[in-house]
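Residue numbers (the numbering used here): 169 to 456.
Glycine residues also receive a C-beta, built at the ideal position from the N, C-alpha and C atoms.
All remarks here apply to the structure that follows.
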């Protein structure tokens, strides 16, 4: 397996230009108008609203102003799939459409997806959605095709401020921690990393530097996987075992009937009408 790769997003230098959104759509051939993307949502300058099957990158605008609006600040963050180390979407996929690549990223294979939406319910970040064009689950691939060719993901390449940084996860974590220390020494006491260690779903291969609580950015403070989830392999094995059990009982009953009929024919010498006693229902005598 290759070295784990991913994104480190420094939200303090994001300027909300949406170059990442445009680059993502252009490279992946995603619609530029789906969901009314040409109209403002009414929530600041946001016109893409959320991550979904047509928006694999979403720049969030968070306004923090007082009632008089004479003081305050903007918080901006380019959101994307987290490529979790413990990925609930991968665990629940019944067709094997969701895989972990050699770069430790999580990718959905559209040609294998059956559109069941199990992955949507399993994602604690609300990242995955069904593409309205082909009715398959879609999300950021971390530009898997570009990585295979030795290229930087389109969004990171387009970012003009290096808010989105791409590289080996170990190196990104060191760089991010140094940035946190720099900010804190400059008076930004709330600077912190989100998802850089294994405390959140084993670690996120797309993690963030924040300067406020995670909830302010629309991120869950302690995301959890579904507490009761049955792995597809287990569910399929259980269903298969039940089916084989039913077939086995039917076969056993037929063999009993055939044996009784053969015994009756032997007893009567093949002449006359053989009387065959009905076999007891399977399980009634405690042996089935």
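- Using a Cβ-Cβ distance cut-off of 8 Å, the region 380 to 391 and the region 258 to 275 are not in contact, since fewer than three pairs of beta carbons, one from each stretch, lie closer than that value.
- Taking a 10 Å sphere around the C-beta of residue 362, we find 16 or more other C-beta atoms and assign the residue as buried.
- Checking the DSSP bridge columns, you'll see residue 298 partnered with 305.
- Within the region 330 to 392, the complete alpha helix (DSSP H) runs of at least 4 residues fall at 337 to 353.
- In this structure, 321 is the residue among 290, 321, 315, 258 with its C-alpha nearest to the C-alpha of residue 191.
- If you compare the alpha carbons of 252, 277, 286, 242 with that of residue 261, the shortest gap goes to 286.
- Residue range 187 to 196 is occupied by the alpha helix (DSSP H) that includes residue 194, with no beta strand (DSSP E) assigned at that position.
- By the C-beta criterion, the region 290 to 302 is judged not to be in contact with the region 176 to 189, since fewer than 3 inter-stretch pairs fall below 8 Å.
- Distance from the CA of residue 319 to the CA of residue 214, rounded to the nearest whole angstrom, comes to 29 Å.
- The C-alpha of residue 359 lies about 39 Å from the C-alpha of residue 284.
- Taken atom to atom, the span from the alpha-carbon of residue 276 to that of residue 325 is near 22 Å.
- Counting only residues of its own chain and dropping the five nearest sequence neighbours on each side, residue 173 has a CB closer than 8 Å to the CB of 271, 272, 273, 310, 315, 334, 335, 336, 337, 373.
- The DSSP assignment places 226 to 233, 240 to 247 as complete runs of the beta strand (DSSP E) inside the region 211 to 256, in order along the chain (cut-off: 3 residues).
- The C-alpha of residue 248 is placed about 14 Å away from the C-alpha of residue 255.
- The three-state secondary structure of residue 268, taken from DSSP, is strand.
- Residue 377 and residue 348 do touch by the CB rule: their CB atoms are close to 6 Å apart, below 8 Å.
- Under DSSP, residue 293 shares a beta bridge with no residue.
- The alpha-carbon separation between residue 354 and residue 282 amounts to approximately 51 Å.
- DSSP places residue 313 inside the alpha helix (DSSP H), whose first and last residues are 312 to 316.
- Nearest in C-alpha terms to residue 306, of all of 330, 280, 328, is 280.
- By the neighbour-count criterion, in which 16 or more other beta carbons inside 10 Å mark a residue as buried, residue 290 falls on the buried side.
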